[in-house]
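Heads up, the thing below is written out as structure tokens.
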Amino acid sequence: MSLPGESQALKDAGNTEFKKGNYKKALELYSKACKLAPNNAVLWANSAACSLNLKRYADAEAQARKAIAADPSFAKGYG
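For the sequence shown, numbering that gives the first Met the number 0 assigns the number 0 to the initial residue and increments by one for each residue that follows.
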């Protein structure tokens, strides 16, 4: 799913940080992208993955629920 300009750049930067294991920085970037594209399930799922790695389980659950609400067919939102 393609994102408009700045939100795509934030997602890409978040992906880079996630791959490095910099989950806190990745979460910050994904959170900014979510504000620009709040109906994007991928961004919410990526945020949830960061929160899980940071052991912020309640946040991860809330983000996963937002991913599912944005796109119920997006499988990664469920797991």
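Even for Gly, the Cβ is constructed at its ideal location relative to N, Cα and C.
Bear in mind that the values here come from a model prediction, so they are computed numbers and not experimental data.
| query | result |
| --- | --- |
| Might you give, ordered along the chain, the residues of its own chain that have their beta carbon closer than 6 Å to the beta carbon of A47, omitting 5 neighbours on each side? | A59, Q62, A63 |
| For N21, which three-state DSSP category applies? | coil |
| Which stretch, first to last residue, makes up the alpha helix (DSSP H) that contains K65? | 56-69 |
| Inspect the beta-carbon positions of A36 and S6 and report whether they are closer than 7 Å. | yes |
| Which residue's Cα is closest to the Cα of P44: A57, A66, E27, N38? | Before going further, note that residue 44 is Ala rather than Pro in the sequence given. Among A57, A66, E27, N38, the Cα nearest to that of A44 belongs to A66. |
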